[in-house]
Amino acid sequence: MPDSIPTVPHPRNEPVLSYAPATAERAALKAELDRLAGARTEIPLVIGGERVTTGDIGTCVQPHDRHTPLATYHKAGPAQVALAIDAAREAKPAWEAMSWEDRCAILLRAAELLAGKWRATANAATMLNQSKTAHQAEIDSACELIDFWRFNPYYAAKLYADVQPDSAPGTWNRVELRPLEGFVFAVTPFNFTSIAGNLPTAPALMGNTVVWKPASTAVLSAWIVMQVLEEAGLPPGVINFVPGSGAAVGDAALDSPELAGIHFTGSTDVFRAMWKRTANQIDRYRSYPRIVGETGGKDFIVAHTSADPDALVTAIVRGGFEYQGQKCSAASRVYVPNSLWLRIRDQLADTTRDLTMGDVRDFRNFMGAVIDGAAFAKHRDAIERARADSDAEVLVGGETDDSTGWFVRPTIIVAKDPAYRTMQDELFGPIVTVYVYPDTHWDHALDLVDATSPYGLTGAVFAADRSAILEATRRLRHAAGNFYINDKPTGAVVGQQPFGGSRASGTNDKAGSALNLLRWTSARTIKETFAPPTDYRYPFMADR
Numbered sequence: 161m162p163d164s165i166p167t168v169p170h171p172r173n174e175p176v177l178s179y180a181p182a183t184a185e186r187a188a189l190k191a192e193l194d195r196l197a198g199a200r201t202e203i204p205l206v207i208g209g210e211r212v213t214t215g216d217i218g219t220c221v222q223p224h225d226r227h228t229p230l231a232t233y234h235k236a237g238p239a240q241v242a243l244a245i246d247a248a249r250e251a252k253p254a255w256e257a258m259s260w261e262d263r264c265a266i267l268l269r270a271a272e273l274l275a276g277k278w279r280a281t282a283n284a285a286t287m288l289n290q291s292k293t294a295h296q297a298e299i300d301s302a303c304e305l306i307d308f309w310r311f312n313p314y315y316a317a318k319l320y321a322d323v324q325p326d327s328a329p330g331t332w333n334r335v336e337l338r339p340l341e342g343f344v345f346a347v348t349p350f351n352f353t354s355i356a357g358n359l360p361t362a363p364a365l366m367g368n369t370v371v372w373k374p375a376s377t378a379v380l381s382a383w384i385v386m387q388v389l390e391e392a393g394l395p396p397g398v399i400n401f402v403p404g405s406g407a408a409v410g411d412a413a414l415d416s417p418e419l420a421g422i423h424f425t426g427s428t429d430v431f432r433a434m435w436k437r438t439a440n441q442i443d444r445y446r447s448y449p450r451i452v453g454e455t456g457g458k459d460f461i462v463a464h465t466s467a468d469p470d471a472l473v474t475a476i477v478r479g480g481f482e483y484q485g486q487k488c489s490a491a492s493r494v495y496v497p498n499s500l501w502l503r504i505r506d507q508l509a510d511t512t513r514d515l516t517m518g519d520v521r522d523f524r525n526f527m528g529a530v531i532d533g534a535a536f537a538k539h540r541d542a543i544e545r546a547r548a549d550s551d552a553e554v555l556v557g558g559e560t561d562d563s564t565g566w567f568v569r570p571t572i573i574v575a576k577d578p579a580y581r582t583m584q585d586e587l588f589g590p591i592v593t594v595y596v597y598p599d600t601h602w603d604h605a606l607d608l609v610d611a612t613s614p615y616g617l618t619g620a621v622f623a624a625d626r627s628a629i630l631e632a633t634r635r636l637r638h639a640a641g642n643f644y645i646n647d648k649p650t651g652a653v654v655g656q657q658p659f660g661g662s663r664a665s666g667t668n669d670k671a672g673s674a675l676n677l678l679r680w681t682s683a684r685t686i687k688e689t690f691a692p693p694t695d696y697r698y699p700f701m702a703d704r
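Here the numbering used here is used: the first residue of the sequence shown is 161, the next is one more, and so on.
As C-alpha cells, this is what we get:
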C-alpha cells in the first residue's frame, strides 16, 4: 500500500468467549439477561439523531417464553420514512466530505465498545429477542459484528489505495470512490444481529447515508446496535433507525426518487418483490439503484462412500439444527450413499433425539424456539405432510409445542423421492431431509444436488477420496457461493470466508469483503495535466 495512503491495522478475528461455568463472561451475561428480561425497554425511532415516538406500538417477545413481553417499539409509517430520507439528505454533505479515515475510526471505535462494555448487553438482547443460545449469540452479536466493524475499514483502506491508476509524465490520474447519490435503504433480518449491524454500516463507511429498517422480530438487538454506533461518534442522520411493517416502511422508501441503493438480507420472495417495484418505476430515480441482496438457501451436504461417518453426523446435526436451523446457510438437504447410511442412521437419529431444547437462559440447552407463530405453523405443517406422505418418513423428531414458546423438535425426514418438497423448498427451521442414493450413483447424486433446488448459497462435500472431492468441487461450481470440504456449510467467518450466493440466493456480493464495499461507491476518474498543449497540430502533420 502506498505510503501516501494511511493504513488501517490488519485486523484479527475476535476470540469467541466460552461462557463456561465460573467464567466472568458467564456471570456478566446472566446478570444482563435478568436485567433486560425485566426492563420492558421502550424503543423509539431514531431520525436525524432525535428519538421519535409514534404511538403505533409493536411488541418484542421472547420466542421461548412468548407470553412474557420483553420490550415495546414505536413503528414508523410513511411520514416518518419521509423524515428519515430528509435527515439522510441533510447529513450527506458533511458525511461524504469527512475523510474516509475518520469514518473508519467510528466503526473501529464501535468494535471496541461492542467487544467491551456492550458485549453482554448485545448478546443478552439477541438471546432473549431471537432465542439464541449463549454460544450462538456470542459468535453473532459479538464476534461477527466486531469483525465486520474491524475488517471493513481495513478493506476500505485497501480499496482507496488499490484503485489508483498510473499517470503519464506531466499528468496526474486519480480515482475517487464517491458515495452514491441519494440514500441507501438497509433491510435487515431477524436471524443475525451481525447482519443487522453490517448492512447499514457498510454503505455508511463508504460515505453514504442510510435509512435502516430492522426486522420486526429483532428490534431490541437492533436498538442496542444503534446505541453502540451513537456512542462511537456516528453523526446524526447518517443512519436513521425506522422499525415498522415491511409495507409501511418499505414502500415509502422504494418510492422515493432519492433511493440510491438497497442492502437487503431476507426472503427470496420479498427481495424479488422489491426488485420488481424498483424496476417498474426505474425512470423516477436519479440513478439506477444498486441492489444487493442475500436471500434464501436450500443448503446441501453430499457425502461420498469414503466420507468419515462421525464427521458427517456432526456436520448434519450442527449444520442443520444450531439456532433451530434458522440460518440461510443451514444444512437442510443431505445426500448419503446407501452403505454409509446404514452405518450412520441410528447414530444420527440417537444424536438428534438427545439434543436439548428449551429456554435459552438455561445454558444446558442446545436449541431454543423458532422465531414466531408463522414460522412454527410452517414447520408443523411440513412435518405433518411428511408423516402422511408415502414418499417420506419422519425418522426422528417432529414434535411441536407452542404452549409456552414456539418449539419444534429437531426433525429428520428421509425422502424416497429426490425431488420431494422438503428437498426443494426452504423451510428455515430445524428440519433436515435425507435422500439415500445407491453407492454407484455418485455422478447422479451430484446432478441432483445441482438441479433439485433453485438456490445457490452454501453446500458441503464429505469424502476422503480426493478424486471425489475434486469432482464435486468442479460439478457443483455454481450450486453454492460458499463451498465447504469436510465441514458443515454454516459458520462463515469475516476475513476468512466472504459470504454470499447466487441463483435464487441473491446477488453474491460477499458481505465482509471489499467486493461488497465497492458496490456502495460510484467511481470518478480525474485527470490533471500540468502543462497542457497550446497547439492543436500533431507532428505527423508537418510537410517534411
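Just so you know, even glycine gets a beta-carbon here, dropped at the ideal spot from N, CA and C.
Out of curiosity, what's the CA-to-CA distance linking residue 503 and residue 589? As a first step, residue 503 is located in the sequence shown; it is residue number 343 there, counting from the start. As a first step, residue 589 is located in the sequence shown; it is residue number 429 there, counting from the start. Residue 503 and residue 589: Cα-Cα distance of roughly 26 angstroms.
Nearest-angstrom Cα distance between residue 358 and residue 167? Numbered from 1 along the sequence shown, position 198 holds the residue referred to as residue 358. Numbered from 1 along the sequence shown, position 7 holds the residue referred to as residue 167. Taking the straight line from one Cα to the other gives about 22 angstroms.
If I'm right that residue 421 touches residue 449 with Cβ under 8 angstroms, what's the distance once you round it to whole angstroms? The residue you call residue 421 lines up with position 261 of the sequence shown. The residue you call residue 449 lines up with position 289 of the sequence shown. At roughly 5 angstroms, the Cβ-Cβ gap stays under 8 angstroms, so residue 421 and residue 449 are in contact.
What whole-angstrom Cβ distance do residue 546 and residue 582 have, given they're in contact under 8 angstroms? Taking the sequence shown and counting its residues from 1, one reaches residue 546 at position 386. Taking the sequence shown and counting its residues from 1, one reaches residue 582 at position 422. Indeed, because the Cβ distance is near 7 angstroms, the residues count as touching under 8 angstroms.
Between the Cα of residue 297 and those of 548, 371, 696, 381, spot the shortest distance and give me the residue it belongs to. For the purposes of this step, residue 297 is taken as the residue at position 137 of the sequence shown. For the residues 548, 371, 696, 381, the minimum Cα distance to residue 297 belongs to 381.
Between the CA atoms of residue 403 and residue 234 - distance to the nearest angstrom: The residue given as residue 234 occupies position 74 in the sequence shown. The residue given as residue 403 occupies position 243 in the sequence shown. Counting only the Cα atoms, residue 403 lies some 7 angstroms from residue 234.
With 16 other Cβ atoms within 10 Å as the buried cut-off, status of residue 688: What you label residue 688 is simply residue 528 of the sequence shown in a count that begins at 1. Exposed.
Contacts around residue 244, its chain only, beta-carbon distance under 6 angstroms, and the 5 residues preceding and following it disregarded: Here residue 244 refers to the residue found at position 84 of the sequence shown. These residues qualify, in order along the chain: 207, 371, 400, 402.
Whole-angstrom Cβ separation of residue 664 and residue 615, contact assumed at under 8 angstroms? Against the sequence shown, residue 664 aligns to sequence position 504. Against the sequence shown, residue 615 aligns to sequence position 455. Confirmed, about 5 angstroms.
Buried or exposed: where does residue 565 fall if 16 or more other Cβ atoms within 10 Å of its Cβ makes it buried? For the purposes of this step, residue 565 is taken as residue 405 along the sequence shown, with counting starting at 1. Residue 565 is buried by the Cβ-count criterion.
Span separating the alpha-carbon of residue 369 from that of residue 266: Position 209 of the sequence shown, counting from 1, holds the residue named residue 369. Position 106 of the sequence shown, counting from 1, holds the residue named residue 266. Approximately 14 angstroms between the Cα atoms of the pair.
Grab me the residues of residue 742's own chain with a C-beta within less than 6 angstroms of its C-beta, minus the 5 sequence neighbours each way, in chain order. The structure shown does not extend to residue 742, since the chain is modelled only from 161 through 704, so no value can be given for it.
Looking only at its chain, what residues have a beta carbon closer than 8 angstroms to the beta carbon of residue 501, apart from the 5 residues adjacent to it on each side? On the sequence shown, residue 501 is found 341 positions in, with the first residue counted as 1. Hits under 8 angstroms: 594, 596.
Suppose the cutoff is 7 angstroms on Cβ atoms and the five residues either side in sequence are ignored; what does the same chain contact list for residue 473 look like? On the sequence shown, position 313 is the one that residue 473 refers to. Hits under 7 angstroms: 504, 507, 508, 511.
If we call anything under 7 angstroms between Cβ atoms a contact, is residue 250 one with residue 367? The residue labelled residue 250 in the question sits at position 90 within the sequence shown. The residue labelled residue 367 in the question sits at position 207 within the sequence shown. Their beta carbons are not under 7 angstroms apart, which means residue 250 does not touch residue 367 by this criterion.
Run through DSSP, which three-state label would residue 546 get? Mapped onto the sequence shown, residue 546 falls at position 386. Residue state, collapsed to three classes: helix.
With C-beta atoms as the reference, is residue 305 less than 7 angstroms away from residue 259? Your numbering for residue 305 matches position 145 in the sequence shown. Your numbering for residue 259 matches position 99 in the sequence shown. No; because the gap between Cβ atoms is not below 7 angstroms, this pair is not in contact.
Throw me the rounded Cβ distance for the residue 452 and residue 669 pair, which I believe falls under 8 angstroms. On the sequence shown, residue 452 is found 292 positions in, with the first residue counted as 1. On the sequence shown, residue 669 is found 509 positions in, with the first residue counted as 1. Residue 452 to residue 669, Cβ: 5 angstroms. Contact.
Take residue 445 as the anchor and find which of 636, 317, 413 has the nearest alpha-carbon. Your numbering for residue 445 matches position 285 in the sequence shown. When only C-alpha atoms are compared, the closest one is 413.
Excluding the 5 residues flanking residue 326 on each side, which residues of the same chain have their C-beta closer than 8 angstroms to its C-beta? By one-based count along the sequence shown, residue 326 stands at place 166. Around residue 326: 333.
Could you say which of 280, 622, 324 lies nearest to residue 336 if we only look at CA atoms? As a working note, residue 336 is residue 176 in the sequence shown. Considering only alpha carbons, the answer is 324.
Give me the residue from 489, 417, 528, 456 with the minimum Cα distance to residue 651. Translated into positions along the sequence shown, residue 651 becomes position 491. Taking only the C-alpha atoms, the option nearest residue 651 is 489.
Any heavy atom of the ligand SAH inside 6 angstroms of the beta-carbon of residue 537? Inclusion of the ligand SAH in the displayed structure is not the case, the ligand content being empty and no account of it being possible.
Can you tell which of 391, 621, 395, 617 has its C-alpha closest to the C-alpha of residue 466? Residue mapping note: residue 466 aligns to position 306 of the sequence shown, counting from 1. Ranking 391, 621, 395, 617 by Cα distance to residue 466 puts 621 first.
Compare the Cα-Cα distances from residue 600 to each of 248, 498, 384, 653 and report the closest residue. By one-based count along the sequence shown, residue 600 stands at place 440. Considering only alpha carbons, the answer is 498.
Between the C-alpha atoms of residue 643 and residue 692, what's the straight-line distance to the nearest angstrom? Within the sequence shown, the letter at position 483 stands for residue 643. Within the sequence shown, the letter at position 532 stands for residue 692. If you take the alpha carbons of residue 643 and residue 692, they lie about 53 angstroms apart.
Can you tell me the Cα-Cα spacing of residue 436 and residue 525, whole angstroms? In the sequence shown, residue 436 corresponds to position 276, counting from 1. In the sequence shown, residue 525 corresponds to position 365, counting from 1. Near 42 angstroms, if we compare the C-alpha coordinates of residue 525 and residue 436.
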